[in-house]
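All the letters of the sequence shown, read from the start, carry residue numbers -2 to 176 under this note's numbering.
By construction, the Cβ of each residue, glycine as well, lies at the ideal position given by its N, Cα and C atoms.
Everything numeric in this text was worked out from a predicted model, so none of it was measured.
One structure is given below, encoded as structure tokens.
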Amino acid sequence: NFAMIAKEYILLTLGVILVAFGIQYFYAPNEIAGGGLSGMALVISHYVPVLSVGTIILIGNIILFVLGLSLLIFIHEFGHFISAKLLGVRVNEFAVGFGPKIFSFQGKETKYSFNLIPLGGYCAMEGEDEDTDNPRSFQKAAWWKRLIILVAGAATNLITGFLLLLLVFSFNQYNSMPV
-2 NFAMIAKEYI LLTLGVILVA FGIQYFYAPN EIAGGGLSGM ALVISHYVPV
48 LSVGTIILIG NIILFVLGLS LLIFIHEFGH FISAKLLGVR VNEFAVGFGP
98 KIFSFQGKET KYSFNLIPLG GYCAMEGEDE DTDNPRSFQK AAWWKRLIIL
148 VAGAATNLIT GFLLLLLVFS FNQYNSMPV
């Protein structure tokens, strides 16, 4: 189960990275535009003249912002989720987004939900908000397990940010000149 979750997490992260690099190196037909978001906007405005380049760039920036924020939230909640699972705390539901459910499915013990508005998410653990007698509840876990679970969200964001910086800077070749 952990291997499958880790595989999905890695594939999603790589997919977002590839999409981001794809936007930077967008191919412009007939050489009417350069690369990047502005190049893509020029191409779209060429085929859809009702939209100005500025409007297309604004829409593109909003979409990129929502995708980026959604990825950050997913990574954060995944940190809580994976640490709770590894430490033996029952997770009742793992949700991406908020608002009406688009679809959900039931795993062995966890319900996985995908909701309409991608700017949120949650990892609902047994005994997190209510009293329960379940020995695998968040309340019954040792204090150090609860601490790890609570810190894991922010820690995964920091680790992911560090790894993305390493990835980005590994592709950049800087010509340094001696001083």
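*Paired residues, beta bridge with Met122 - DSSP*: Val88
*Closest by CA to Ser80, which one among Gly158, Lys142, Val165?*
Lys142
*CB Val93 to CB Phe62, shorter than 8 Å?*
no
*Report buried or exposed for Lys105, applying the criterion of at least 16 other Cβ atoms within 10 angstroms of its Cβ.*
exposed
*Tell me which same chain residues have a C-beta within less than 6 Å of the C-beta of Pro97, skipping the five on either side of it?*
Leu113
*What does Val93 pair with, by DSSP beta-bridge criteria?*
Phe111, Gly118
*Own chain residues within Cβ distance below 8 Å of Ser131, not counting five before or after*: It should be noted that the sequence gives Asn, not Ser, for residue 131. For Asn131, where only same-chain residues beyond five positions count, the Cβ hits under 8 Å are Arg87, Glu123, Gly124, Lys137.
*asked:* So, at 6 Å on beta carbons, what are the nonlocal neighbours of Tyr119 in its own chain, with the 5 sequence-adjacent residues on each side left out?
replied: Ala92
_Limits of the alpha helix (DSSP H) - the one that Asn58 falls within_ = 50 to 83
*Among residues of its own chain, excluding the 5 on either side of Leu66, which ones have a beta-carbon nearer than 7 Å to its beta-carbon?*
Leu116
*For His73, the nearest candidate out of Val165, Leu64, Leu164, Ala151 (CA to CA)*: Ala151
*Per DSSP, what kind of secondary structure is Lys137 in: helix, strand or coil?*
coil
_Going by C-alpha to C-alpha distance, which of Val148, Phe159, Val165 sits closest to His77?_
Val148
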